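Peer 1:
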Amino acid sequence: MLCKQNTTRKKSNLSHFNSCMQLRIATNASTLKAHNMRAFSLLEFIIVLSVAGILAGFTVPRFNKIIATSQVNALQAKLQSAIYLARSTAVSQKETIAFCPYAKAGCSKNWSNGAMIFTDKNNNQLIDNDDILLETISLYSKNFDVNWRASAGRKFLRFSPSGMAKEFGRFTLCYKNNDLSLARSLVINRQGRLRAYRDRNHDGIVEDVNGRQADC
């Protein structure tokens, strides 16, 4: 409007009109460029969000698997250490040592509540007045169950002064969604020796020397 008014008033202001029109064209071009930049930035943002969503779909389950693997390996290491301690104490103190699910007065049946190691002079799985509680071990995990399958179906484990196992069998650590790649198993033989299942055929699942997988 201003450009038109200037030309109406005085034709000699043609140069001013031209300058005004150039300014308007430049302003319109700048405005269009800004709109295009905003539109392009929004498109980029949408693409980034889409890619991030796709990557998250792959990354989150893998990340959870890594965490669960770390948890079960730590739980297995803790269980192994407790078994070694019970056996070595039986040999060094020349006494029968019990290793069983924790309860205040003696052995219970649920390993996930924790475990304990104590002297069991009369082999009754109770902490009597002349027995000594040596260690308590936390085996609780929200993702894994701890199970012990022994000879005669016993829920406890004892080592004699010679280091022999009075009950022999296997511990299994089972992931609660039944993923066998996260299962672990420890075998205790009659001599009291311990060995862990390992992935012998590289299929991601542990097994014993005969190819038997964990009983989960």
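Take this note's numbering: the final residue in the sequence shown is number 1543, and no numbers are missing along the way.
Glycine residues also receive a C-beta, built at the ideal position from the N, C-alpha and C atoms.
Computed from a predicted model, the values in this text were never measured in an experiment.
Note down the Cα distance separating Phe1459 from Asp1530, rounded to an integer number of angstroms.
Peer 2: Taking the first residue of the sequence shown as 1, we reach residue 1459 at position 132. Taking the first residue of the sequence shown as 1, we reach residue 1530 at position 203. Correcting the residue type first, residue 1459 is Ile in the shown sequence and not Phe. Straight-line Cα distance between these residues: approximately 44 Å.
Peer 1: Answer with buried or exposed for Arg1520, where buried requires no fewer than 16 other C-beta atoms within 10 angstroms of its C-beta.
Peer 2: By one-based count along the sequence shown, residue 1520 stands at place 193. When all chains shown are included, Arg1520 counts as exposed.
Peer 1: If we count Cβ pairs, one from each stretch, closer than 8 Å, do we get three or more for the segment 1507 to 1521 versus the segment 1447 to 1458?
Peer 2: no
Peer 1: When burial is assigned at 16 or more other CB atoms within 10 Å of the CB, is Lys1431 buried or exposed?
Peer 2: If you number the sequence shown from 1, residue 1431 lands on position 104. Lys1431 comes out exposed.
Peer 1: Taking C-beta to C-beta, are Gly1490 and Arg1389 nearer than 9 Å?
Peer 2: For this step, residue 1490 is matched to residue 163 along the sequence shown. For this step, residue 1389 is matched to residue 62 along the sequence shown. Not a contact, by the Cβ cut-off of 9 Å.
Peer 1: If you draw a straight line from the alpha carbon of Lys1436 to that of Val1473, how long is it in whole angstroms?
Peer 2: One-based indexing of the sequence shown puts residue 1436 at position 109. One-based indexing of the sequence shown puts residue 1473 at position 146. Whole-angstrom Cα-Cα distance: 11 Å.
Peer 1: Nearest by alpha-carbon distance to Lys1482: which of Glu1422, Asp1542, Tyr1467 and Tyr1429 is it?
Peer 2: As a working note, residue 1482 is residue 155 in the sequence shown. Lys1482 has its Cα closest to that of Tyr1429, out of Glu1422, Asp1542, Tyr1467 and Tyr1429.
Peer 1: In chain order, what residues of the same chain lie with their CB nearer than 7 Å to the CB of Asn1470, ignoring the 5 residues before and after it?
Peer 2: Position 143 of the sequence shown holds residue 1470. Same-chain partners within the cutoff: Ala1395, Gln1398, Tyr1502 and Lys1503.
Peer 1: If you count every other CB in all the chains shown that lies within 10 Å of the CB of Gln1420, and 16 or more means buried, which is it?
Peer 2: Position 93 of the sequence shown holds residue 1420. Per the 10 Å Cβ criterion, exposed.
Peer 1: Quick test of your reading: Ser1465 and Gly1441, contact by CB under 8 Å. State the CB separation rounded to the nearest angstrom.
Peer 2: The residue labelled residue 1465 in the question sits at position 138 within the sequence shown. The residue labelled residue 1441 in the question sits at position 114 within the sequence shown. The Cβ separation is near 5 Å, so the contact holds.
Peer 1: Report back the beta-carbon spacing between Gln1452 and Cys1427 to the nearest angstrom; my notes put them in contact at under 8 Å.
Peer 2: One-based indexing of the sequence shown puts residue 1452 at position 125. One-based indexing of the sequence shown puts residue 1427 at position 100. With 8 Å as the limit, Gln1452 and Cys1427 qualify as a contact, their Cβ atoms being about 6 Å apart.
Peer 1: Can you look up Gln1540 in the DSSP assignment and give me helix, strand or coil?
Peer 2: Here residue 1540 refers to the residue found at position 213 when the sequence shown is read from its first residue. Three-state result, Gln1540: strand.
Peer 1: Spatial neighbours of Ser1487 within its chain, please: CB distance less than 7 Å, with the 5 preceding and 5 following residues excluded, ordered by chain position.
Peer 2: As a working note, residue 1487 is residue 160 in the sequence shown. The answer, listed in chain order, is Ala1417, Thr1423 and Lys1493.
Peer 1: Under a three-way DSSP split, which group does Pro1488 fall into?
Peer 2: On the sequence shown, position 161 is the one that residue 1488 refers to. Here Pro1488 sits in coil by DSSP.
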